[in-house]
Each structure stands twice: as C-alpha cells, then as structure tokens.
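One structure is given here, and the rest of the page talks about it.
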Amino acid sequence: MIKVFGLANASTTPAPSRWTPAVSSDTCIVPTFLTVWCAIVVLPLLVLFAYSFFDTQFYATVYRPSFTTWISIFQSGRLEVALRTLRIALTVTAIDLVIAFPFALWLAKGSASKGTKAIVIALLTIPFFLDLSSRTIIWRAIFDQHGTINTTLLDLHIIQAPLSWMLYTEWSVHFGLIIASFPTMVLPIYLALSIIDDSLLQASADLGATPAQTLVRVIIPLAMPGVMAGMLLTLGPVLAAWIEPAMLGGGFVNLLSNSVESAYTSLRYPVVAALSTFVILLLAALLVILLLVARRFGDAMSTFRVMRS
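What follows is the structure, given as structure tokens:
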C-alpha cells in the first residue's frame with residue numbers, strides 16, 4: 002500500500018521541464034523595443050533640437066552653436082503667428098469636442114441598431130482613405146465668391162453681393178480644420194463610451210440620479226481616456242496643419258506650419274528645426290495641462306479599472 006500511494010503521488014506530480022530558458026522573452030523584448038524606439042523617435046528629436054542652435058548665412062547652415070535662430074524667431078513677428086496658431090488650435094479642439102461628445106454618446110448608447118452604428122462608423126473612416134488636399138479643395142469651390150453657396154443665395158435674392166468672408170479668412174480656416182479633425186475626435190470618444198457597462202448607467206438611475214448627474218458623475222469620468230486621446234489627436238495635427246491654411250486661408254492666415262514651409266523653401270534649416278521644436282514643446286505643454294485637467298475627473302485609466310472589477 003505504501004508503494005501504491007507512492008506511485009500515485011509520483012504520477013500526479015508534474016514532471017520538471019526538460020528545458021528552461023535562461024533569459025525570459027520579456028527580458029529581451031523590452032530592451033530591444035526601447036532601443037529601437039530611442040533610435041527612431043528620441044534620436045531624431047535630439048538632432049532636431051541641436052540643429053535649432055545653428056545659424057544660417059547666405060543660404061548655408063553654419064554649424065556653430067548660437068542662439069541667433071531662436072532670438073530671430075521671437076523678434077521677427079513669429080511670436081504673433083505662434084499665438085494665432087495656438088488660439089486656432091484650441092478653438093478647433095474645443096468646437097470639435099463640443100460637437101463630437103454628444104454625437105459619440107448617441108452613437109454608443111443611443112443609436113437604435115447595429116446597422117446604424119456600422120454605417121456611421123464607415124462614413125467616419127472614409128476621410129482617412131482620401132487625400133487631405135482633395136478634401137480641402139472642395140470647400141474652396143463651395144465657399145468661393147462664385148461658388149455654390151454664394152451663387153444660390155444670389156439667385157434666391159437673399160443677398161445682394163457675394164459673401165467675401167467665407168473664403169480666405171480665419172473663418173474658412175477654422176471650418177476646414179474642424180471638418181478635417183472631427184473623425185479623429187469622435188472615434189476615440191466613441192470607443193471609450195462603448196465599453197461603459199450599461200448596468201452602471203442603470204444603477205445610477207436606480208439610485209435617483211438625474212440624466213445630467215449621470216452624465217457628469219459617471220459617463221464623463223469614465224470617458225476621459227477617449228476624450229484625452231481625441232484632444233491629443235486633434236491638437237497635434239491642427240498645430241502642424243498647413244494644407245487648410247494654405248488652401249482656405251489663401252496666404253492671409255499664416256500659421257506656424259506656413260512659417261516652417263517658408264523657411265524650408267529658403268533653405269533656412271535651423272529656423273525649420275527651431276520652429277518644429279517650438280511646436281513640439283507647445284504640444285508637450287498642452288499635454289501636461291490636459292493631464293492635470295483629467296485628474297480633476299479622477300484616474301485617467303478608470304474606465305479599464307471598472308471593466309476589470
């Protein structure tokens with residue numbers, strides 16, 4: 002009996018592995034990923050930052066450390082251009098957020114059928130497969146003094162003269178940027194809202210919360226990861242946008258991207274590096290502000306914490 006029990010215990014004990022790797026896969030993957038990431042992302046940014054401290058003389062780069070390029074940026078009127086770019090970027094992001102959040106909430110929690118969701122999401126993804134310049138030039142044909150809107154209003158005798166403010170103004174640039182960045186704002190918010198458990202909303206209603214209270218205390222905090230992602234995906238491209246200001250601004254609305262293009266065509270590469278570095282620092286500052294604002298609504302990863310609990 003002792004031998005039998007001994008055999009039974011031996012049979013149920015798992016056999017030791019014949020081969021155990023000396024180094025785990027995570028130990029190799031993480032350093033490799035960090036090395037590749039530093040080589041592809043961090044190193045070019047450091048080179049860009051270092052290049053901004055060079056100077057340009059007679060259309061040639063002088064590889065000598067100097068603050069001349071940075072000083073010239075803030076003394077040549079580009080500070081006003083930077084403030085205009087920041088104002089337009091924040092305005093476009095705010096308008097997109099105000100429009101996209103109710104739309105994403107309806108799409109995630111209020112639409113009647115899955116077919117409606119599929120059609121709307123497909124329509125939102127179509128712009129990603131189209132060239133931005135081809136999408137933007139359409140608005141020139143619509144907003145031009147001889148375009149669709151002005152021609153229709155003139156034929157209906159609603160206006161006596163074409164509306165000149167509809168094109169080559171800040172209004173047209175705002176409109177083009179809002180339309181172009183709307184899908185990148187609404188899709189992350191929709192994803193964050195769609196994974197919120199409906200039982201949480203029902204529990205809020207059962208506890209006597211009004212729809213407004215449920216929105217402020219439940220939905221918005223849980224949707225903050227999507228809101229932050231949408232704002233970042235909107236702020237970054239808008240700060241660096243140059244197609245919309247060029248086509249819809251007509252040279253009358255200059256942004257930092259237009260200054261970068263002008264410096265590049267005139268072979269002033271240190272100025273290009275300084276302006277690009279300034280945009281990156283500006284975006285980083287806005288990211289810090291967004292993180293501080295997100296903390297007002299709780300942990301930014303609260304959505305996934307709720308899903309795990």
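Under this note's numbering, the first residue of the sequence shown carries the number 2, and numbering increases by one thereafter.
C-beta atoms are modelled at their ideal positions from N, C-alpha and C, and glycine is treated no differently.
Checklist entry - Roughly how many angstroms lie between the CA atoms of Thr57 and Arg269, to the nearest whole one? => result Taking the first residue of the sequence shown as 1, we reach residue 57 at position 56. Taking the first residue of the sequence shown as 1, we reach residue 269 at position 268. Going from the Cα of Thr57 to the Cα of Arg269 covers about 6 Å.
Item to check | Of the residues Ala101, Thr266 and Ala61, the one placed nearest Ile180, counting alpha carbons only | outcome: Here residue 180 is taken as the residue at index 179 of the sequence shown, counted from 1. Nearest C-alpha to Ile180: Ala101.
Next on the checklist: Ala95 and Val187 - do their beta-carbons sit closer together than 8 Å?
Outcome noted: The residue you call residue 187 lines up with position 186 of the sequence shown. The residue you call residue 95 lines up with position 94 of the sequence shown. No; because the gap between Cβ atoms is not below 8 Å, this pair is not in contact.
Item to check | Three-state secondary structure assigned by DSSP to Thr62 | outcome: For the purposes of this step, residue 62 is taken as residue 61 along the sequence shown, with counting starting at 1. Of the three classes helix, strand and coil, the one that applies to Thr62 here is strand, per DSSP.
Next on the checklist: Counting C-beta neighbours from all protein chains within 10 Å, is the total for Ala239 16 or more, i.e. buried, or is it exposed?
Outcome noted: As a first step, residue 239 must be located in the sequence shown, where it is residue number 238. Inspection of the sequence shows that residue 239 is occupied by Val rather than by Ala. Its Cβ being crowded by 16 or more others within 10 Å, Val239 is buried.
Item to check | Neighbourhood of Val24 by C-beta, 6 Å cutoff - its chain only, sequence neighbours within 5 removed | outcome: Position 23 of the sequence shown holds residue 24. Note that Val24 scores a pLDDT of 49, beneath 50, so its modelled location is shaky; the value from the coordinates is reported in the next line. Excluding residues within five positions, none has a Cβ falling inside 6 Å.
Item to check | Start-to-end residues for the alpha helix (DSSP H) that takes in Met167 | outcome: Within the sequence shown, the letter at position 166 stands for residue 167. Element bounds for Met167: n/a, residue is neither H nor E.
Next on the checklist: Here's the rule: buried if 16 or more other CB atoms are within 10 angstroms of the residue's CB, otherwise exposed. What is Glu245?
Outcome noted: As a first step, residue 245 must be located in the sequence shown, where it is residue number 244. Counting Cβ neighbours within 10 Å, Glu245 comes out buried, since at least 16 surround it.
Checklist entry - With contact counted as at least three CB pairs below 8 Å, one residue from each stretch, are the segment 250-261 and the segment 197-211 in contact? => result no
Next on the checklist: If you reduce the DSSP assignment to three classes, tell me which class Thr57 lands in.
Outcome noted: For the purposes of this step, residue 57 is taken as residue 56 along the sequence shown, with counting starting at 1. Strand, per DSSP.
Item to check | Whole-angstrom distance between Ser195 and Lys110, CA atom to CA atom | outcome: Along the sequence shown, one-based indexing puts residue 110 at 109. Along the sequence shown, one-based indexing puts residue 195 at 194. Taking the straight line from one Cα to the other gives about 7 Å.
Next on the checklist: Once the 5 residues before and after Phe68 are set aside, which same chain residues still bring their CB inside 8 Å of it?
Outcome noted: Within the sequence shown, numbered from 1, the residue matching residue 68 stands at position 67. Here the set comprises Phe54.
Next on the checklist: Would Val121 and Leu108 qualify as a contact pair, given that the criterion is a beta-carbon distance under 8 Å?
Outcome noted: Here residue 121 corresponds to residue number 120 of the sequence shown, with the count starting at 1. Here residue 108 corresponds to residue number 107 of the sequence shown, with the count starting at 1. Yes. Within cutoff.
Item to check | Every unbroken beta strand (DSSP E) within the segment 87-132, with a cutoff of 3 residues, ordered by chain | outcome: none
Next on the checklist: Does Ala286 pass the burial test, meaning 16 or more other C-beta atoms within 10 Å, or should it be called exposed?
Outcome noted: Here residue 286 refers to the residue found at position 285 of the sequence shown. With fewer than 16 Cβ atoms within 10 Å of its Cβ, Ala286 is classed as exposed.
Item to check | Ile89 versus Thr28 - alpha carbon distance | outcome: Position 88 of the sequence shown, counting from 1, holds the residue named residue 89. Position 27 of the sequence shown, counting from 1, holds the residue named residue 28. Distance between the alpha carbons of Ile89 and Thr28 is about 45 Å.
Checklist entry - DSSP state of Asn255, grouped into three classes? => result For this step, residue 255 is matched to residue 254 along the sequence shown. The answer is coil: DSSP assigns Asn255 none of H, G, I, E or B.
Item to check | Beta-carbon contacts of Ile190 that lie in its chain and below 7 Å, excluding the five residues immediately before and after | outcome: Stepping through the sequence shown from its first residue, residue 190 is reached at position 189. Within the same chain, Ile190 has close Cβ partners Ala101, Phe102, Ala105, Ala224, Gly227, Val228 and Gly231.
Item to check | Phe34, DSSP secondary structure in three states | outcome: Looking up residue 34 in the sequence shown gives position 33. In the structure shown, Phe34 sits in a helix (DSSP, three-state: H, G or I).
Item to check | Ser173, buried or exposed, once every other Cβ within 10 Å from all chains shown has been counted against 16 | outcome: To locate residue 173, count along the sequence shown from 1; it is residue 172. Ser173 is buried by the Cβ-count criterion.
Checklist entry - Helix, strand or coil for Val269 per DSSP? => result If you number the sequence shown from 1, residue 269 lands on position 268. A quick correction: the sequence has Arg, not Val, at residue 269. It is coil, neither helix nor strand.
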